[in-house]
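For what it's worth, the numbering used here labels the leading residue of the sequence shown as 436, then goes sequentially.
What follows is a short report on a single structure.
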Amino acid sequence: QEQLAQSGGGSVQPGGSLRLSCAASGMRVSDYVMGWFRQAPGKRRELIASITAGGTTHYADSVKGRVTISRDNAENTIYLQMNNLKPEDTAVYSCVARPPSWSTWDIWGQGTQVTVSS
Numbered sequence: 436q437e438q439l440a441q442s443g444g445g446s447v448q449p450g451g452s453l454r455l456s457c458a459a460s461g462m463r464v465s466d467y468v469m470g471w472f473r474q475a476p477g478k479r480r481e482l483i484a485s486i487t488a489g490g491t492t493h494y495a496d497s498v499k500g501r502v503t504i505s506r507d508n509a510e511n512t513i514y515l516q517m518n519n520l521k522p523e524d525t526a527v528y529s530c531v532a533r534p535p536s537w538s539t540w541d542i543w544g545q546g547t548q549v550t551v552s553s
């Protein structure tokens, strides 16, 4: 059974950095499209970054230039490096995965809170 286990997150001051990790089991991250969603209170869930099986990355305009998604095939883990964090980045961040042929994100991590505040 495919599972995603997240780590990282927490509280940081504006301008700070955080790295989120997402370790997969029962699947290989290199075979899936992997991504990160976030949802802030009262707002819609937003896909902010994704990486295809071939390594192509995509970013939402809201985070472009400040966020990097990466994949370590040996560790079977993906990462989300977030820099120059802003208060509006405060949200619950979730790692997701889907087979390349699927259009829906059916595999979810447990979610982790990121709070950006002075």
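Built from N, CA and C at the ideal position, the CB exists for glycine as well.
Short check: CB of Ile513 to CB of Met469, under 7 Å? Within the sequence shown, numbered from 1, the residue matching residue 513 stands at position 78. Within the sequence shown, numbered from 1, the residue matching residue 469 stands at position 34. The answer is yes: Cβ separation under 7 Å.
Please name the residue in Asn508, Ala495, Gln438, Leu453 whose C-alpha comes closest to that of Val549. Within the sequence shown, residue 549 is the residue found at index 114, counting from 1. Taking only the C-alpha atoms, the option nearest Val549 is Leu453.
Just curious, the beta strand (DSSP E) that Ser529 is in, first and last residue?
The sequence position of residue 529 within the sequence shown is 94, counting from 1. Looking at the DSSP string, the run of the beta strand (DSSP E) that includes Ser529 is 526-533.
Practice prompt. Would you list, in sequence order, the uninterrupted alpha helix (DSSP H) runs of no fewer than 4 residues that lie entirely inside the region 453-540?
Written response: none
message: Quick check: Cys474 and Val527, are their CB atoms within less than 7 Å of each other?
response: On the sequence shown, position 39 is the one that residue 474 refers to. On the sequence shown, position 92 is the one that residue 527 refers to. Residue 474 is actually Gln in this sequence, not Cys. In contact: Gln474 and Val527 (Cβ atoms closer than 7 Å).
Span of the beta strand (DSSP E), counted from its first residue to its last, around Gly386
The question about residue 386 has no answer, for the chain in this structure spans 436 to 553.
Is DSSP giving Gln545 helix, strand or coil here?
Counting from one through the sequence shown, the residue named residue 545 turns up at place 110. Correct three-state label for Gln545: coil.
Any idea which residues DSSP pairs Gln441 with across the strands? Numbered from 1 along the sequence shown, position 6 holds the residue referred to as residue 441. Beta-bridge pairing links Gln441 to Cys457.
Evaluate the contact criterion for the region 481-498 versus the region 541-548: three or more CB pairs, one atom per stretch, below 8 Å. no
Let me make sure I understand the geometry here. Which of Gly500, Val464, Gln545 has the alpha-carbon closest to that of Asn518? As a first step, residue 518 must be located in the sequence shown, where it is residue number 83. The shortest C-alpha separation from Asn518 is found at Gly500.
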